[in-house]
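Here's the structure, in structure tokens; my notes come after.
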Amino acid sequence: MGRRGARRLCLRARRLRRRLGRGRRRRHARPGRGRHGGRHRRDADVGRDGQHGAAARRHDRPAGAGPDGQLRRGRDHDDPHGRKRRDVDHDAAVIRRLDLPDAPALAETEAEAAEARLSAPSALRNRDAICAELRRLAPPAGRALEIASGTGEHVIRFAAALPGLDWQPTDPDPARRASIAAWAAGAGLPNLRPPLPLDAARPGWADRHGPVDLVVLVNLLHLISRPEADAALAEVARVLAPGGVFVLYGPFLRDGAATSPGDAAFHASLQAQDPAIGYKDVIDTCAHLVACGLRHVETVAMPANNLLLAFDRPRQK
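Each residue of the sequence shown is one higher than the last, beginning at 2 in the numbering used here.
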């Protein structure tokens with residue numbers, strides 16, 4: 002082969018490499034596509050009755066996940082030795098992907114869908130019962146913080162029923178915060194603030210968000226691990242002002258056991274997906290909060306075998 006022929010072959014090889022590179026980049030730039038061209042199945046993430054966390058695409062282990070399969074946000078870069086390193090944002094939320102029976106769906110009307118509203122059937126079922134207890138237990142005025150506000154359907158009900166409180170909804174997931182903002186815009190409540198990002202299991206948030214007079218936490222503890230729950234409750238105790246009230250709602254074990262076949266089945270389904278999560282024992286939960294400096298005020302039996310636990314921070318003498 003002469004020089005001209007060899008040069009022609011080199012040019013063809015170069016063009017072929019460029020084409021292959023462009024195709025590879027295009028394939029990698031298409032989010033939400035599986036290996037065979039289909040979309041990944043969407044599952045509800047950590048949340049109260051399926052509310053909290055993004056509806057995320059399922060992978061065996063997401064990009065950026067640790068060995069436990071949990072997603073940690075961060076960025077990749079090369080270190081001086083040419084190796085890839087990942088800077089982990091320790092303030093970013095850790096999201097578990099869970100199959101839950103009552104995950105939120107997009108609201109039914111076109112207007113609601115355009116406004117990013119999400120709706121969780123469980124929130125519509127239990128919010129009036131929770132609100133009735135809040136009217137009785139909450140302080141008449143001050144700052145109220147809702148942790149893991151989810152779709153926002155709870156907090157707009159609470160803010161309307163307790164207008165003397167200035168309500169601050171929070172959620173670690175941007176899609177949920179967009180839903181909260183959309184519901185709030187429709188409600189037009191002057192005592193409801195824009196939602197803030199907050200991962201309750203990350204230590205230190207009490208310094209940024211306190212002191213507050215009321216904290217409300219609904220249906221989250223069974224969807225996170227015991228260490229995460231302990232960390233979240235310790236921060237709740239820190240964020241409360243003297244005389245402040247904490248209202249905790251959800252399903253619990255009593256004396257280490259579920260109280261119904263349905264609760265036992267749900268607890269087992271959670272632990273099948275992640276052995277670290279599942280129902281917490283009510284006695285252990287109360288003991289931990291008391292050890293953190295709160296006083297257990299009362300336990301209220303609620304519909305569907307749930308409990309509402311009320312605590313306060315004693316005023317200094």
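Where is the CB? At the ideal position from N, CA and C, for every residue including glycine. Given the structure is predicted, the values throughout are model-derived calculations rather than measurements.
Residue i (DSSP reduced to helix, strand or coil)
i      : result
Ser226 : coil
Gln169 : strand
Arg296 : strand
Leu241 : strand
Asp174 : coil
Leu190 : coil
Leu199 : coil
Asp275 : coil
Pro204 : coil
Ala269 : helix
Ser180 : helix
Ala233 : helix
Ala259 : coil
Asp46  : Residue placement at Asp46 cannot be trusted, given a pLDDT of 34 that sits under 50; what the coordinates show is reported in the next sentence. In the structure shown, Asp46 sits in a strand (DSSP, three-state: E or B).
Close Cβ partners of residue i (< 6 Å) along its chain, the five nearest in sequence each way excluded
i      : result
Pro204 : Ala232
Ala259 : Ala265, His268
Ser226 : Ala277, Ile278
Leu309 : Glu134, Tyr250, Val301, Met303
Ala242 : Pro212, Asp214
Leu254 : Tyr280, Asp282
Ala160 : Trp168, Leu190, Asn192, Leu193
Ile131 : Tyr250
Arg158 : Arg128, Cys132
Leu218 : Ile148, Leu249
Same chain, Cβ closer than 7 Å to residue i, neighbours up to 5 away in sequence not counted
i      : result
Leu197 : Gln169, Thr171
Pro252 : His223, Asp264, Tyr280, Asn306, Asn307
Ala230 : Leu222, Lys281
Val298 : Ala311, Phe312, Asp313
One or two residues paired with residue i in a DSSP bridge
i      : result
Tyr250 : Val219, Leu309
Asp282 : Leu254
Ala302 : Leu308
Val213 : Leu241
Neighbourhood of residue i by C-beta distance below 8 Å, restricted to the same chain and skipping five residues each side
i      : result
Gly316 : Residue 316 is actually Arg in this sequence, not Gly. Once the five neighbours on either side are set aside, the close Cβ partners of Arg316 are Pro243, Gly244.
**Request:** With a floor of 3 residues, list each beta strand (DSSP E) that falls wholly inside the region 117 to 166, ordered by position along the chain.
**Result:** 143 to 148
**Asked** Counting pairs of Cβ atoms below 8 Å between the region 280 to 293 and the region 226 to 243, do you hit three or more?
**Response** yes
**Request:** Kindly confirm or deny that the region 172 to 191 and the region 243 to 252 touch, where touching means at least three C-beta pairs closer than 8 Å.
**Result:** No: fewer than three Cβ pairs fall under 8 Å.
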